[in-house]
Amino acid sequence: NPGAAPPRLPFSRVTQEDLAFFRTLLPGRTITDPDLLKSSNVDWLKTVEVCPQGGNTGLVGGSVPVFDEIILSTSLMKQVITFDNISGILTCQAGCVLENLSNYLEERDFIMPLDLGAKGSCHIGGNVSTNAGGLRLLRYGSLRGTVLGLEVVLADGRILNCLATLRKDNTGYDLKQLFIGSEGTLGVITAVSILCPRKPKAVNVAFLGCSSFQQLLETFQCCRGMLGEILSAFEFLDASCMSLLEKHLKLTNPITESPFYIVIETAGSNATHDEEKLHKFLEEVMTSSLVTDGTVATEATKIKALWSLRERVTEALTHEGYTYKYDISLPVEKIYDLVQDMRGHLGDMAKNVVGYGHVGDGNLHLNITSPSKDPALLAAIEPYVYEWTSKWKGSISAEHGLGLKKRNYIYYSKPSEAVALMGSIKAMLDPKGILNPYKTLPDNIH
Ligand code: FAD
Ligand code: MLT
Ligand code: ZN
Numbered sequence: 052n053p054g055a056a057p058p059r060l061p062f063s064r065v066t067q068e069d070l071a072f073f074r075t076l077l078p079g080r081t082i083t084d085p086d087l088l089k090s091s092n093v094d095w096l097k098t099v100e101v102c103p104q105g106g107n108t109g110l111v112g113g114s115v116p117v118f119d120e121i122i123l124s125t126s127l128m129k130q131v132i133t134f135d136n137i138s139g140i141l142t143c144q145a146g147c148v149l150e151n152l153s154n155y156l157e158e159r160d161f162i163m164p165l166d167l168g169a170k171g172s173c174h175i176g177g178n179v180s181t182n183a184g185g186l187r188l189l190r191y192g193s194l195r196g197t198v199l200g201l202e203v204v205l206a207d208g209r210i211l212n213c214l215a216t217l218r219k220d221n222t223g224y225d226l227k228q229l230f231i232g233s234e235g236t237l238g239v240i241t242a243v244s245i246l247c248p249r250k251p252k253a254v255n256v257a258f259l260g261c262s263s264f265q266q267l268l269e270t271f272q273c274c275r276g277m278l279g280e281i282l283s284a285f286e287f288l289d290a291s292c293m294s295l296l297e298k299h300l301k302l303t304n305p306i307t308e309s310p311f312y313i314v315i316e317t318a319g320s321n322a323t324h325d326e327e328k329l330h331k332f333l334e335e336v337m338t339s340s341l342v343t344d345g346t347v348a349t350e351a352t353k354i355k356a357l358w359s360l361r362e363r364v365t366e367a368l369t370h371e372g373y374t375y376k377y378d379i380s381l382p383v384e385k386i387y388d389l390v391q392d393m394r395g396h397l398g399d400m401a402k403n404v405v406g407y408g409h410v411g412d413g414n415l416h417l418n419i420t421s422p423s424k425d426p427a428l429l430a431a432i433e434p435y436v437y438e439w440t441s442k443w444k445g446s447i448s449a450e451h452g453l454g455l456k457k458r459n460y461i462y463y464s465k466p467s468e469a470v471a472l473m474g475s476i477k478a479m480l481d482p483k484g485i486l487n488p489y490k491t492l493p494d495n496i497h
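full-length UniProt numbering applies: residue 52 is where the sequence shown begins, and numbers increase by one.
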């Protein structure tokens, strides 16, 4: 199984002398108690038996040790360093929890340019290291654009201070990009500066039902045209996801049952103007029968409740047993074909085959469950799912990274020349291979 752990590389083992050194370096913070270590050694999906670590919410086995690597946690690095309320540029330490940063900024009339279901636990350093996408990417773009600077500790201990707070800086290569999305394999991010948008004065959320994926796509097209600059998210989940939300989390479907559900968010500066636009759009999609039913929220509690229906699908799935997770980029019109194809391909082997994700970004989350780990099911899914994705020129990891689980499938989305160049960069920055070994790069590159 190419997603399984490779053999241990010949690193030395941690000795009592090493522990004594760490105790002098970080008095009281060198943790060896197995009970205390549990929350750091087992990831969110609880699939890896036992690296840089942020909130440990990563979904590809990248944030936990494979053998006996030392965990370098950023959880005590949670200071905001500066915030400039004219430019909207925030500079903070890597261990700041995303939700805490959002709350800090909202008090100052700004927001973070990214938002995701794991916001209560994930750290900004982890977000940058995975180049996390999330729910607002459609509006504010990827971290490759909003991150303005990074401070990074390199494998040899040098501190790379590229913590710029400039919108424009064309002085040579943009080195920070190397660390964005490199999953802790090239350096440890210790601080981040990031460009934050103003807090929108008016936010509306619509939760709609569609009877086919084709109609959902037409609704998306219509929505882009009619909502234009105020559209901030266009997300979807299918009926199987809704059943799991109802069954395991006791959430209530606020509209008539449909094969597909959409979450649309608008964020703008004028409530009357935004509501007028949204209502015209809703009238259009209802009268043309693209949408079968819907509800709208403008009030914070109801907005949160509608968002839960999309954000908590990940959590609902964990109650079904074991989840095989796929995070695929495809031309948007193809994204649900993969779910349907997979249902036909797997037949009764899978308990659930569900689809949800970021329609606006052409990003499908295909999740397949079975009561427990099932090697025969896995063999039927992989490499089939990756071959399918590659045939349509998609990406086998849209936003979660490769970590341990997907490292050997990189060739489905990248030419061998590109992977070899990644290997050269790794060898240059981390010649001893001590940063997050066994992750991201395929086994033939280490
Ligand atoms: P961790 O899980 O701790 O680490 C992730 C990777 O980054 C690891 O390889 C780790 O070694 C490395 N790393 C962490 N910190 C540093 C650092 N300071 N320096 C160098 N390397 C570091 N992802 C999305 O893209 N979009 C979503 O919408 C989304 N939603 C999610 C919802 C839920 C409920 C969950 C559980 C996860 C979700 N994720 C999503 C996946 C996950 O990638 C993000 O939650 C987040 O970006 C990971 O941050 P973290 O601090 O938890 O990082
Ligand atoms: C999401 O969009 O909900 C996240 O990426 C998490 C997941 O894929 O389950
Ligand atoms: Zn996602």
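No residue lacks a Cβ here, since even glycine has one placed at the ideal position from N, Cα and C.
Quick caveat, the model's predicted, so the values are computed rather than measured.
Specify the secondary structure class of residue i as computed by DSSP and reduced to three states.
i	result
Gln-228	helix
Phe-62	coil
Ser-244	strand
Phe-118	coil
Glu-100	For Glu-100, the predicted model reports a pLDDT of 41, less than 50, meaning its position is unreliable; a value from the coordinates is still stated below. In the structure shown, Glu-100 sits in coil (DSSP, three-state: anything other than H, G, I, E or B).
Cys-213	strand
Glu-433	coil
Gln-144	strand
Asn-403	strand
His-370	coil
Glu-316	strand
Leu-389	helix
Ala-471	helix
Asn-255	strand
Val-111	coil
Gly-276	helix
Leu-123	strand
Ser-464	coil
Ala-56	coil
Asp-494	coil
Gly-408	strand
Leu-486	coil
Ser-441	helix
Thr-270	helix
Glu-384	helix
Pro-426	helix
Asp-481	coil
Arg-80	coil
Determine the extent of the beta strand (DSSP E) in which residue i is found, giving its start and end residues.
i	result
Lys-376	373-380
residue 525	In the structure as shown, the chain starts at 52 and stops at 497, and residue 525 therefore has no counterpart that could be examined.
Ser-421	414-421
Trp-348	For clarity, residue 348 is Ala in the given sequence; the question names Trp instead. Note, Ala-348: beta strand (DSSP E), 344-348.
Glu-450	It is not in any beta strand (DSSP E) - Glu-450 carries neither H nor E in the DSSP assignment.
Leu-199	198-204
May I ask whether a heavy atom of the ligand PLP can be found less than 8 Å away from the beta carbon of residue i?
i	result
Asn-418	No copy of the ligand PLP appears in this structure; the ligands present are the ligand FAD, the ligand MLT and the ligand ZN.
Could you name the residues that DSSP lists as bridge partners for residue i?
i	result
Ile-476	According to DSSP, Ile-476 bridges with nothing at all.
Arg-249	Phe-161
Asp-289	Phe-311
Cys-261	Phe-311
His-396	For His-396, which the question treats as bridged, DSSP gives no partner whatsoever.
Leu-282	Thr-317
Val-239	Val-204
Grab the span of the alpha helix (DSSP H) containing residue i for me, first residue to last.
i	result
Lys-89	85-92
Lys-353	351-362
His-330	322-338
Val-179	175-181
Thr-75	67-76
Leu-189	188-191
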